[in-house]
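Chemist: Here it is, the structure, as structure tokens.
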Amino acid sequence: MKQKRKDPLVKYDPTSDVLYIATRKGLEEEFAEVAPGVNVELDRKGNVLGVEILRASHTLRGFVRSLAKRHDAA
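What follows is the structure in structure tokens.
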């Protein structure tokens, strides 16, 4: 049985502007692009191992702005 992480492991590489969130330990069998620049890594049973976000500073810009607006409104 694959071990789930208690807390996701988050890594960011500023040189390549890639954000990676690992959700489960295991060997990657394949990946699926679920949105432009957003890949989900899967094991052979289809369990999600992690999420890779390419051009993270650009891809997440709108998300971060939305969070900031919600925080300011609270």
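Counting from 1 along the sequence shown, just add 1441 to a position and that's the residue number in my numbering.
Quick reminder that beta carbons are idealized off the backbone N, C-alpha and C, glycines included.
Owing to the predicted nature of the structure, the values given are computational and were not obtained by experimental measurement.
Return the CA-CA distance between residue 1456 and residue 1494, expressed in angstroms with no decimal places.
Modeler: The alpha-carbon atoms of residue 1456 and residue 1494 are separated by roughly 14 Å.
Chemist: Just grab the DSSP bridge partners of residue 1480 for me.
Modeler: Note: residue 1480 sits in a beta bridge opposite 1474 and 1493.
Chemist: Pick out whichever of 1451, 1485 and 1514 has its Cα sitting closest to the Cα of residue 1463.
Modeler: It is 1451.
Chemist: Once the 5 residues before and after residue 1481 are set aside, which same chain residues still bring their CB inside 7 Å of it?
Modeler: Correct list, in chain order: 1472, 1473, 1475, 1489 and 1492.
Chemist: On the DSSP letters alone, give me the boundaries of the beta strand (DSSP E) that residue 1417 sits inside.
Modeler: The structure shown does not extend to residue 1417, since the chain spans only 1442 to 1515, so no value can be given for it.
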